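2 protein chains.
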Amino acid sequence: MIELTRDERKIFHRLATLEEASIMLSGLATHLPEPEKVGLSQAFGRVLSRTLYSKIDLPPFDRAEMDGYAVLSSDTEGASETAPLRLRVVGRVDAGSAYRGEVAGGSCVEIATGAPVPRGADAVLMVEHTSRSGDFIEVYKPVTPGENIAHTGSDLEIGEAVLRKGAVIGVREVALLSAAGFGEVEVYGKPKVGIISTGNELVEPGLELPPGKIYDVNSQMLGAAVAEAGGTPSFVRRVGDDLETIKGRIAAAIDGTDLVLISGGTSAGLGDAVYRAIGELCDPGIVAHGLKIKPGKPTVIATHKGKAVIGLPGYPVSALMVFNQIVRPLIQRMTMVKGRSERVVEAALTQRVNSAKGRRWFLPVHLLGGDGQRAYPIFASSGAVGTLARADGYIVVPEDIEYIEGGEGVKVRLFGDPETKDGLVVMGSHCPALDLLLEMLFEEKGISARALNVGSLGGLNAVARGECDLAGIHLLDEATMTYNTQFVRRAGLPDWSLVKGYRRTQGIAIPKGNPKGVTGLRDLIRRDLIFANRNRGSGTRVLTDRMLKVIADELGLDFRDLVGRIRGYRSEFKTHSSVAAAVGQGRADLGVCVKGAAVAYGLDFIPIADEEYDFVINPECKEKEEVKEFLGCLRSNRFREMAEKLEGYAFW
Amino acid sequence: MIELTRDERKIFHRLATLEEASIMLSGLATHLPEPEKVGLSQAFGRVLSRTLYSKIDLPPFDRAEMDGYAVLSSDTEGASETAPLRLRVVGRVDAGSAYRGEVAGGSCVEIATGAPVPRGADAVLMVEHTSRSGDFIEVYKPVTPGENIAHTGSDLEIGEAVLRKGAVIGVREVALLSAAGFGEVEVYGKPKVGIISTGNELVEPGLELPPGKIYDVNSQMLGAAVAEAGGTPSFVRRVGDDLETIKGRIAAAIDGTDLVLISGGTSAGLGDAVYRAIGELCDPGIVAHGLKIKPGKPTVIATHKGKAVIGLPGYPVSALMVFNQIVRPLIQRMTMVKGRSERVVEAALTQRVNSAKGRRWFLPVHLLGGDGQRAYPIFASSGAVGTLARADGYIVVPEDIEYIEGGEGVKVRLFGDPETKDGLVVMGSHCPALDLLLEMLFEEKGISARALNVGSLGGLNAVARGECDLAGIHLLDEATMTYNTQFVRRAGLPDWSLVKGYRRTQGIAIPKGNPKGVTGLRDLIRRDLIFANRNRGSGTRVLTDRMLKVIADELGLDFRDLVGRIRGYRSEFKTHSSVAAAVGQGRADLGVCVKGAAVAYGLDFIPIADEEYDFVINPECKEKEEVKEFLGCLRSNRFREMAEKLEGYAFW
């Protein structure tokens, strides 16, 4: 562990723009991997490093393009169905062989497609325009000189460039190289890329996750990104925040690879070791520390003897954004692959976005709606990998504007292929039974769905704005003590747009064995208990407050007085799981969540209420095939049977 | 070799449509490769065969999103720059570790980004809003509950679907799987595809090419196409046209792979063995023999116990078209990858195209022009691999129309990526020195060019129609005995659009040692000589005729009488190489071509004239950067030095 004093913590003052960083990097990172010879079956996707000139003509001889007879065209002049001409068949030639003799006037040679046209003949008569008896044919149609012959070199001539230096070898290029007889070709070398993830908190995926640790995302993610960009991940290591170890790994990577990526440890934080290590190892050294982009500010760009050494932010989303802006172009330049520009679609921003004060902001968005595309900004933390994986693309919010107004047109740069968009977009509150339902939908109907967990109110509003096909909600109206209906009406949606789903059991999650003897919500005022409360606006918080009001009445207390006495009442856990986790990890002693979450964390559970989890359908989508199939699955016996096997679900 | 009588030759009567064939195939070819488990680093590009539910919350604990201090938010209420509040620092927690104690009122714990928030704290105060002295901090700004904390499960909850069955694993999916701790995943199996090329004429690329043989294109091309579609080429064999051998190979392929492709031998020709072999081996057997498409008619579709066995045409272009229409969708269905639809651009057809009489025609085109895209149909034989490799895409000419008129809008389905289009389009007559020039242009200026060899007149017309940037031409005007200028004027182009290039030596190519004692074109009337003449419209034919007219005058003969006496005068060899090859292979005794072609075939050469090879520039493109750079290279000393090393070139 490195101890840095407060003064040593780097606060970013002079940040480089993306353009400055790219120019500096392309001037200094001049190292290129050596070209290599590869067999044709390994050449697909590679880039030719040398122009290839044909050593043969293609076709290599005058080739028959049809089955028939090689003839002198002058011998067929005037032939017709009514007045056929007669020729003597003097031989035959098949593909792969050669006819030794000569075709003289009045004679012909039977010929197969692909066979060489014999000396003397200047055309091929199609078999369909002849009839044969013994050694003679009747000719029903004349041919012109050259007819049905592919002339030597007509496709490719000796000495002609087959493919030029820089050509990307695709399927058609493989065909052409084969045709010209190249068994191997020289291609630009794929850069070997060293990938080092730093952080004491990182654990390899697949292993057990100890408390306080997280799985290492960047090793695998950057490996995949390197492969996609055309490089080869070749020195992949995970290290803790120890300066000497980090230095050793980086030094080894610089030695053994063409380009080095280090992630984590580049921020102004307590555990900053990567910056120091790079600074001490690299010559000419660090060219930029900090970029004027969001996310991606804590990026270190250095070079060592022509090789780029880049410190990426530790957050996967930030690391990937910087990779795409800085590293991908570098790899593509090294492999000589012209960078394919990103796919861009136009969309209207669903809400106002304030700019990132002098930093260029790469803001992930969901694309919603059919033709009139809408872009829904995702303000999640850069630590939120799941959110990134569900985003469709990102917009660039320029550094020199104040804001982009809601409704304004923006260009969305797509992460993936718009053709493979999901058939059904579901928002709202997360529910394990809904996950089951969506899986059934894919298996039985081939419909893939995207589920965005934005909470009940978020989902309802998304339906009202037309941003999704349907939403799962569980919202308790305190006035009527009914679920969902009042909220749907208030959102201006017709009653029929609410479709009944199922009931879920809510209750108090407590540690296994209930060591503190909790009996109900009334215990919350005990001073030895810390409560994990849900966020304001969540259905569960509404339910909790409703029950606390009853308790306040019973105790003769004002509601505000009561909650003022509850330790942790002001906390705002955003999900059922986060409540259960807080209890499971001892950060709180009790909390309110659905039974499934408590069971997942091995907690005991005191049921307090059943809530109604229903679906609100976007009225414009009610005739959409995917929506109809969704409702069919919801009503099916198979779904009910499967869902009832989960903990805490009941059907109407 | 199989001997088939005329009656046994299959003439296609009942052809299947593409739709019929696809429906039959999807009903019968039900075999699927087994799903397999792969490590995450091998999972990129694969498709999940099972929905994965998260076993952890993400983040797995309440995580600090900033460097700073974990506090009770209520302790910071009212703090400001002018009236800071004071808190005692009781400890510190880094990423990857955990704080054992509790944060009580009036105290705080120093915390690093990524570290777990200690029990009791409900917010993280950014270090920038504090100042520290000893064990105390001054707080300059209040925080709200939950501020700068990523709550447990806010990104992904325990039990939530991480990725669903059918998800394609890209970079972001690798990130998400890592984050959720999956070290390996179950994916759909990649189909192993057997590829068998048949034909006595086929030789493996890289080996010597004997007379009458051609290189095997389909093995490598189909291998690359299979890999691109998501399969694995796994049993690649080349066999002659022998029924028993073919049967043996197909039987082995059916046994060892998931899908079998055989190319060649499916036509109605003399060497038809594949059809018989497939018919004898497969159960339920052949479902279609012949498709209503062009190219691709001679296709055999069969299944054996749920596995597809497909006989593709031998011509590579035909084989690839059928692959794309029939096999690619099949592989994509097997791998569960949603077929990405082809990229399509709109363009105006440059000339009328008659339909293929009841067959759907996949007609390759070049795309020309900038914004107002024009599609230039390529009527080359399906044997012409080089032509295919240079095509941009194809249009579909429906089977039920008469024709598409020139100028009509068509949809061009692109083979590749329009973003990587070449910077310079050159048409006209092929010339080895031009190849050199284009290579220089790429090496020195980074400009990639596409050269289409359409002949001098074709190139001139293309410039006049605005279809290319420039063309290389060598056209002799008989009236004035000058090159090119008159043709440029007649095409309506300004004189300045003609840029002088260089001179090439034309002459008579004769076998090494001149065994028949040829002295000049006057010998053409000798009865023991066969002449290889160029096609009408070529510059060389014009030159030849001009010289023959002089000879006719000298001999006191009518021109028509003279050429009537020349054996082979009516032949129409389309390239310099094809003339030289005909002489080299003994199919003719002499011909007229450029010196380079004669030298390439090891022939002797009698010079008869210098021709002027010049460039005509599209007037609309004269300011185009690529054109200026081209002309710069043409005028450079380096190009002159290089070109003068070629045989038969001279500069002005």
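The listed protein sequences derive, respectively, from chains F and X.
Residue 164 in my numbering sits at position 164 of the first sequence, and the numbers go up by one each step.
Residue 862 in my numbering sits at position 210 of the second sequence, and the numbers go up by one each step.
Virtual Cβ for every residue (Gly too), placed ideally from N, Cα, C.
These numbers come from a predicted model, not from an experiment.
Do X/Val1005 and X/Val961 come within 9 Å of each other at the CB atom, strictly closer than that value?
Start at 1 with the first residue of the second sequence, and residue 961 of chain X comes out as number 309. Start at 1 with the first residue of the second sequence, and residue 1005 of chain X comes out as number 353. Not a contact, by the Cβ cut-off of 9 Å.
Just list the residues that DSSP pairs X/Leu777 with in beta bridges.
Residue numbering aside, residue 777 of chain X sits at position 125 when the second sequence is read from its first letter. Note: X/Leu777 sits in a beta bridge opposite X/Tyr721.
Segments of 3+ residues assigned as beta strand (DSSP E) that fall wholly inside the region 792–846 of chain X
813–815 and 836–839
What is the rounded straight-line gap between the Cα of F/Tyr188 and the Cα of F/Ala43?
For the purposes of this step, residue 188 of chain F is identified with residue 188 of the first sequence, where counting begins at 1. For the purposes of this step, residue 43 of chain F is identified with residue 43 of the first sequence, where counting begins at 1. Cα to Cα, F/Tyr188 sits roughly 10 Å from F/Ala43.
What did DSSP end up calling F/Asp75 once you bin it into helix, strand or coil?
By 1-based counting over the first sequence, the position of residue 75 of chain F is 75. Of the three classes helix, strand and coil, the one that applies to F/Asp75 here is helix, per DSSP.
Cβ shell of X/Thr649 (< 8 Å), same chain only, five flanking positions each side left out:
Outside the modelled stretch of chain X, which goes from 653 to 1304, sits residue 649 of chain X, for which no answer is possible.
Thinking just about the alpha-carbon of each residue, which of X/Asp935, X/Ala954 and X/Tyr751 is nearest to the one in X/Gly942?
On the second sequence, position 290 is the one that residue 942 of chain X refers to. Answer by Cα proximity: X/Ala954.
Beta strand (DSSP E) segments (min. 3 residues) lying fully within the region 1037–1100 of chain X
1045–1049, 1061–1066 and 1076–1080
Please name the residue, chosen from F/Ala277, F/Leu320 and F/Thr144, that lies closest to F/Gly221 on a Cα-to-Cα basis.
As a working mapping, residue 221 of chain F is identified with position 221 in the first sequence. In the sequence as presented, Gly is not what sits at residue 221 of chain F; that position holds Met. The residue with the shortest Cα to Cα distance from F/Met221 is F/Leu320.
Just to check my reading of the structure: X/Val795 and X/Ala775 have Cβ atoms closer than 8 Å, yes? What is that Cβ distance to the nearest angstrom?
Position 143 of the second sequence, counting from 1, holds the residue named residue 795 of chain X. Position 123 of the second sequence, counting from 1, holds the residue named residue 775 of chain X. So it is a contact: roughly 4 Å between Cβ atoms.
From the beta carbon of F/Tyr613, is the nearest beta carbon of chain X less than 9 Å away?
Walking along the first sequence from the start, residue 613 of chain F turns up at place 613. No, because no Cβ of chain X sits closer than 9 Å to the Cβ of F/Tyr613.
Secondary structure of X/Asp1213, DSSP reduced to three states:
As a first step, residue 1213 of chain X must be located in the second sequence, where it is residue number 561. Correct three-state label for X/Asp1213: helix.
Is there contact between the region 556–564 of chain F and the region 780–799 of chain X, where contact requires at least three CB pairs shorter than 8 Å?
no
Nearest residue (CA-CA) to F/Gly466, options F/Leu590, F/Arg503, F/Ile326 and F/Lys622
Stepping through the first sequence from its first residue, residue 466 of chain F is reached at position 466. Comparing Cα positions, the closest option is F/Lys622.
Extent of the continuous alpha helix (DSSP H) run through X/Ser970
What you label residue 970 of chain X is simply residue 318 of the second sequence in a count that begins at 1. Run containing X/Ser970: Pro968 to Val974, per the alpha helix (DSSP H) assignment.
Find the nearest neighbour of X/Ala756 within the set X/Gly748, X/Leu739 and X/Ala925, judged by alpha-carbon distance.
Here residue 756 of chain X refers to the residue found at position 104 of the second sequence. It is X/Leu739.
Check whether the Cβ of X/Val776 lies closer than 9 Å to any Cβ atom in chain F.
For the purposes of this step, residue 776 of chain X is taken as residue 124 along the second sequence, with counting starting at 1. No, its Cβ sits nowhere closer than 9 Å to a Cβ of chain F.
Give the secondary structure of X/Pro1271 by DSSP, where H, G and I count as helix, E and B as strand, and everything else as coil.
Locating residue 1271 of chain X in the second sequence gives position 619, where the first residue counts as 1. Residue state, collapsed to three classes: helix.
Using a Cβ-Cβ distance cut-off of 9 Å, determine whether F/Ser80 contacts chain X.
The residue given as residue 80 of chain F occupies position 80 in the first sequence. Cβ-Cβ to chain X under 9 Å: no for F/Ser80.
Compare the C-beta of F/Ile196 against all C-beta atoms of chain X and say whether one is closer than 9 Å.
For this step, residue 196 of chain F is matched to residue 196 along the first sequence. Not an interface residue.
Can you list, in chain order, the stretches of the beta strand (DSSP E) that have 3 or more residues and sit fully within the region 76–107 of chain F?
85–93
Could you say if the region 53–73 of chain F and the region 320–335 of chain F meet the contact criterion of at least three C-beta pairs nearer than 8 Å?
no
Which partner residues does F/His474 have in the DSSP bridge list?
Start at 1 with the first residue of the first sequence, and residue 474 of chain F comes out as number 474. According to DSSP, which records beta bridges pairwise, F/His474 is partnered with nothing at all.
Which term fits X/Leu1207, buried or exposed, when burial requires 16 or more other beta carbons within 10 angstroms of its beta carbon?
By one-based count along the second sequence, residue 1207 of chain X stands at place 555. Counting Cβ neighbours within 10 Å, X/Leu1207 comes out exposed, since fewer than 16 surround it.
Give a yes or no on whether the C-beta atoms belonging to X/Gly1243 and X/Ala1261 are separated by under 9 Å.
The residue you call residue 1243 of chain X lines up with position 591 of the second sequence. The residue you call residue 1261 of chain X lines up with position 609 of the second sequence. Cβ atoms of X/Gly1243 and X/Ala1261: not closer than 9 Å.
For X/Arg1117, which residues in chain F fall below 8 Å Cβ to Cβ?
The count along the second sequence starts at 1 and reaches residue 1117 of chain X at position 465. Those within 8 Å of X/Arg1117 in chain F number zero; the least Cβ separation is about 23 Å.
N-terminal and C-terminal residue of the alpha helix (DSSP H) that X/Lys1201 is part of:
Here residue 1201 of chain X is taken as the residue at index 549 of the second sequence, counted from 1. Per DSSP, X/Lys1201 belongs to the alpha helix (DSSP H) from Gly1191 to Leu1207.
Spell out whether any CB of chain X is found under 9 Å from the CB atom of F/Arg638.
Against the first sequence, residue 638 of chain F aligns to sequence position 638. Answer no: the Cβ-Cβ gap between F/Arg638 and chain X never drops below 9 Å.
Could you pull the start and end residues of the beta strand (DSSP E) that X/Lys959 belongs to?
Looking up residue 959 of chain X in the second sequence gives position 307. That run of the beta strand (DSSP E) goes Lys959 to Leu964.
Please report how far the alpha carbon of X/Val791 lies from the alpha carbon of F/Val365, in whole angstroms.
Looking up residue 791 of chain X in the second sequence gives position 139. Looking up residue 365 of chain F in the first sequence gives position 365. So the alpha carbons of these two residues sit roughly 35 Å apart.
In terms of DSSP beta bridges, what is X/Trp1304 paired with?
Position 652 of the second sequence, counting from 1, holds the residue named residue 1304 of chain X. Looking at the DSSP assignment, X/Trp1304 forms no beta bridge with any residue, so it has no partner.
Can you name the start and end residues of the alpha helix (DSSP H) that X/Ala903 belongs to?
Residue numbering aside, residue 903 of chain X sits at position 251 when the second sequence is read from its first letter. First-last of the alpha helix (DSSP H) with X/Ala903: Leu895 to Gly908.
Can you tell me which residues form a DSSP beta bridge with F/Trp361?
Locating residue 361 of chain F in the first sequence gives position 361, counting from the first residue. For F/Trp361, which the question treats as bridged, DSSP gives the partners F/Lys294 and F/Val397.
Beta-carbon spacing of F/Ser263, F/Gly311 below 9 Å
Here residue 263 of chain F is taken as the residue at index 263 of the first sequence, counted from 1. Here residue 311 of chain F is taken as the residue at index 311 of the first sequence, counted from 1. In contact: F/Ser263 and F/Gly311 (Cβ atoms closer than 9 Å).
Less than 8 Å between the CB atoms is what I'm expecting for F/Ala227 and F/Lys247, so what's the real figure, rounded?
Stepping through the first sequence from its first residue, residue 227 of chain F is reached at position 227. Stepping through the first sequence from its first residue, residue 247 of chain F is reached at position 247. At roughly 27 Å, the Cβ-Cβ gap does not stay under 8 Å, so F/Ala227 and F/Lys247 are not in contact.
So is F/Lys516 buried or exposed if we call it buried at 16+ other beta carbons inside 10 Å?
Against the first sequence, residue 516 of chain F aligns to sequence position 516. The residue is exposed, with fewer than 16 neighbouring Cβ atoms inside 10 Å.
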